[in-house]
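All remarks here apply to the structure that follows.
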Amino acid sequence: MRELGTGEAMHELVERLYPLCRSITGDGVRRTLEIVAEHVPLEMHEVPTGTQVLDWTVPQEWNIRDAYVADASGKRVIDFQESNLHVVGYSVPVSETMSLDELRKHLHTLPENPSWVPYRTSYYSSTWGFCLAQDTLDALPDGDYDVHIDSTLEDGHLTYGEHVVPGQVTDEVIVSCHTCHPSLANDNLAGIAVAISLAQALAREKPYYTYRFLFMPGTIGAITWLARNFENVGRVKHGIVLACAGDRGSLTYKQSRRGDAEIDKVMAHVLKTSTRPHEVKEFSPYGYDERQFCSPGFNLGVGSLTRTPYAGYPEYHTSADNPDFVSPDSMADTLATCREAFAVLDRDRSYVNLSPYGEPQLGKRGLYSSLGGRSDAKEAQMAMLWVLNLSDGDHSLLDIAERSGLPFATVVVAADALLDADLIKA
Ligand code: ZN
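Going by the numbering used here, the first residue of the sequence shown is number 7, and it counts up by one from there.
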């Protein structure tokens, strides 16, 4: 298995995945998951076209080999081989000659950023189209053009991958990222790279929770996963949707629908205490696959971590979201944030004080002398008093850290000492 420990290694993976023509189905997704599987063991799932998934149906599988618009001399003026963004995703095959005026109905540009190529899809209506820079379109002379899309849209499969880092308990944390975008780096190759690196780091740590990583096409992939795991979804206790993980903006955490789920408290705590510039936003039923995980029937404790959020930057869904738009440092920072958050989540528990009538005498249990030589003895003692006082079953260690203003790690050390002294129990 290849290690992805550094920002540079994650960036190399983004560059490697970037040219593949992904969509919600097809060989580009399979090839992407094969590359993911070079880094973490992956269970691949192939769900047949026509499968009913919640209120949706798995669509036909789309594959594309070539596409272009050529002028009368045969020169390609729009060429899929240069960038897969040039073709509208899920375009049906076409082979025709038509005037520029006729062709225009099928062309998409970004007049406000005339040198960029937009990203467009048409998954659920049968059509075709090309995307190009406004500058390119403006330079096209009138005349007839050969239009050719060599694609297939036929019964096949929807492909997704799962990787599990086993924990001490079967309660799960899910980390989900979408794998359906073609040549776009921040949305969401950076998310895939960070997820892999996070999985590798967790595997070295023997975590408390079982961590399940989901590499799936957006929307239909999450809906398919939820449909196929309907009976087991109760074991998902927490989760994060990871997207836009590599741009140079600051971090944004979007809360779960519940707003007070444990993951919401953990992310807010870690971001607040880390001194990183950040924003915490309330849930809205838009964005990435938190839309599905937080639909009211499931209502899972799943939030979303991005840097600049969904659609929040001009490069979003354009050719300018290329590997230069994402930075190794940003990906490393997103990874570090996730690791810090999961370290807290993994150790956050609630305890009950077994000696709640008056303060228990710490000295006779050796709990003062254990603090004697420590430079932070005062803080460690305060942490013990806070843990004893708030361990009534209703307050977790994170609640205690928040209420006391003490570092979470200090509260954990105090709890461990009190556990050893049989003064608290889980
Ligand atoms: Zn997107």
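We put the CB at the ideal spot given by N, CA and C, even for glycine. Treat the numbers as computed from the prediction; the structure is a model and nothing was measured.
- Within the model, the alpha-carbon separation for Tyr319 versus Asp426 is close to 51 angstroms.
- Assigned with DSSP and collapsed to three states, Gln66 falls in coil, not helix or strand.
- Taking all protein chains in view, the Cβ of Leu391 is surrounded by fewer than 16 other Cβ atoms within 10 Å, so the residue is classified as exposed.
- At least one heavy atom of the ligand ZN falls within 7 angstroms of the beta-carbon of His323.
- By the C-beta density criterion, Lys370 is exposed, having fewer than 16 other C-beta atoms within 10 angstroms.
- Taking 7 angstroms as the cut-off, one finds at least one heavy atom of the ligand ZN near enough to the beta carbon of His187.
- If only uninterrupted alpha helix (DSSP H) runs of at least 4 residues are considered, those enclosed by the segment 332-380 are 334-353.
- 8 angstroms or more divides the Cβ of Tyr292 from the Cβ of Met273.
- For Phe299, the enclosing alpha helix (DSSP H) covers residues 296-299.
- Asp354 has its Cβ no nearer than 7 angstroms to any heavy atom of the ligand ZN.
- Going by C-alpha positions, Gly56 is about 10 angstroms away from Glu67.
- Not a single heavy atom of the ligand ZN lies less than 7 angstroms from the C-beta of Asp295.
- Within the chosen limit of 7 angstroms, the ligand ZN reaches the beta carbon of Asp193 through at least one heavy atom.
- By alpha-carbon distance to Leu143, the top candidate from Arg82, Glu365, Ala205 is Arg82.
- Separation of Met50 and Val42 (C-alpha to C-alpha, rounded to the nearest whole angstrom) is 11 angstroms.
- The beta carbon of Cys344 sits closer than 6 angstroms to those of Leu204, all from its chain and outside the five residues before and after it, given in chain order.
- Collapsing the DSSP output to three states places Phe304 in coil.
- Listed in chain order, the beta strand (DSSP E) elements of length 3 or more contained wholly in the segment 147-198 are 150-160, 163-171, 178-184.
- Contact between the segment 210-230 and the segment 144-162 is not established, with fewer than three Cβ pairs separated by less than 8 angstroms.
- Nearest C-alpha to Gly240 among Arg254, Asn305, Cys183: Asn305.
- Between the segment 328-347 and the segment 191-210 there are three or more inter-stretch CB-CB distances shorter than 8 angstroms, so the stretches are counted as touching.
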